[in-house]
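S.K.: Heads up: the sequence shown begins at 0 in this note's numbering, then just goes up one per residue.
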Amino acid sequence: MAITSQTYNGDGSTTVFTFTVPYIDAADVKARVDNVATTAFSVSGTSVTFTTAPPSGTNNVKIFRDTNNASIEANFQSGSALRAVDFNDNFTQLLYVTQESTDLSDTATTDAANAVATANSTIATANTANTNATAAVNTANTASSNASTALNTANSEIGRAHV
């Protein structure tokens with residue numbers, strides 16, 4: 000599986016992070032701090048420098064590649080030379096976009112599986128609560144019936160005592 004992102008622990012003082020994921024253009028490098036997108040950084044080679052140090056946190060700094068997929072790197076014109084570098088650039092762009100799409104798809108699949116597990120757990124809890132509520136209602140009904148019987152018995156005894 001291709002690596003398209005790296006995460007770091009912010010410490011409130013570090014501003015420079017190493018980003019070793021290959022990219023085509025510095026504009027393809029993106030960042031999120033505490034899961035909020037930010038553009039307050041610059042990219043130079045394998046260094047990403049934030050304007051302000053990200054706050055302390057565990058894996059709260061994510062630097063990732065998001066390759067342009069709106070236009071192809073090299074366009075070919077009729078009658079022009081076909082250069083290997085142009086083909087390679089286009090295929091690299093397509094490879095990167097595919098890797099990023101795979102990562103997004105894998106994340107969505109994992110999130111969906113976690114949501115199903117949470118829903119199933121919630122259903123089990125709701126079923127247990129329903130069973131407990133039914134038992135409580137049955138106990139209350141029995142208590143009510145016993146109280147009615149006791150009241151009737153007491154009234155009957157009172158009636159005999161007055162006679």
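Every residue, glycine too, gets a C-beta built ideally from N, C-alpha and C. Please read all numbers here as calculations on a predicted model, not as lab measurements.
Should E156 go down as buried or exposed, given a rule of 16 or more other Cβ atoms within 10 Å for buried?
M.R.: Within the sequence shown, residue 156 is the residue found at index 157, counting from 1. With fewer than 16 Cβ atoms within 10 Å of its Cβ, E156 is classed as exposed.
S.K.: My output table needs one value for T152: the three-state DSSP class, helix, strand or coil.
M.R.: Here residue 152 refers to the residue found at position 153 when the sequence shown is read from its first residue. T152: helix per DSSP, three-state reduction.
S.K.: Let me check one thing: in DSSP terms, what residues is A123 bridge-paired to?
M.R.: Here the question's residue 123 lines up with position 124 in the sequence shown. Partner(s): none; A123 has no beta bridge.
S.K.: List the endpoints of the continuous beta strand (DSSP E) containing R82.
M.R.: For this step, residue 82 is matched to residue 83 along the sequence shown. Careful: R82 lies outside any beta strand (DSSP E) and carries neither H nor E.
S.K.: Whole angstroms is fine: what's the gap from V15's alpha carbon to F49's?
M.R.: If you number the sequence shown from 1, residue 15 lands on position 16. If you number the sequence shown from 1, residue 49 lands on position 50. Distance between the alpha carbons of V15 and F49 is about 6 Å.
S.K.: Can you look up V115 in the DSSP assignment and give me helix, strand or coil?
M.R.: Along the sequence shown, one-based indexing puts residue 115 at 116. Helix, per DSSP.
S.K.: Could you check what DSSP says for F90 in three-state terms: helix, strand or coil?
M.R.: Residue numbering aside, residue 90 sits at position 91 when the sequence shown is read from its first letter. Residue state, collapsed to three classes: helix.
S.K.: Are A1 and Q98 close, meaning C-beta to C-beta below 7 Å?
M.R.: Counting from one through the sequence shown, the residue named residue 1 turns up at place 2. Counting from one through the sequence shown, the residue named residue 98 turns up at place 99. It is a contact, given that the beta carbons lie within the stated cut-off.
S.K.: Could you spell out the range, first to last residue, of the beta strand (DSSP E) harbouring I62?
M.R.: As a first step, residue 62 is located in the sequence shown; it is residue number 63 there, counting from the start. First-last of the beta strand (DSSP E) with I62: V60 to R64.
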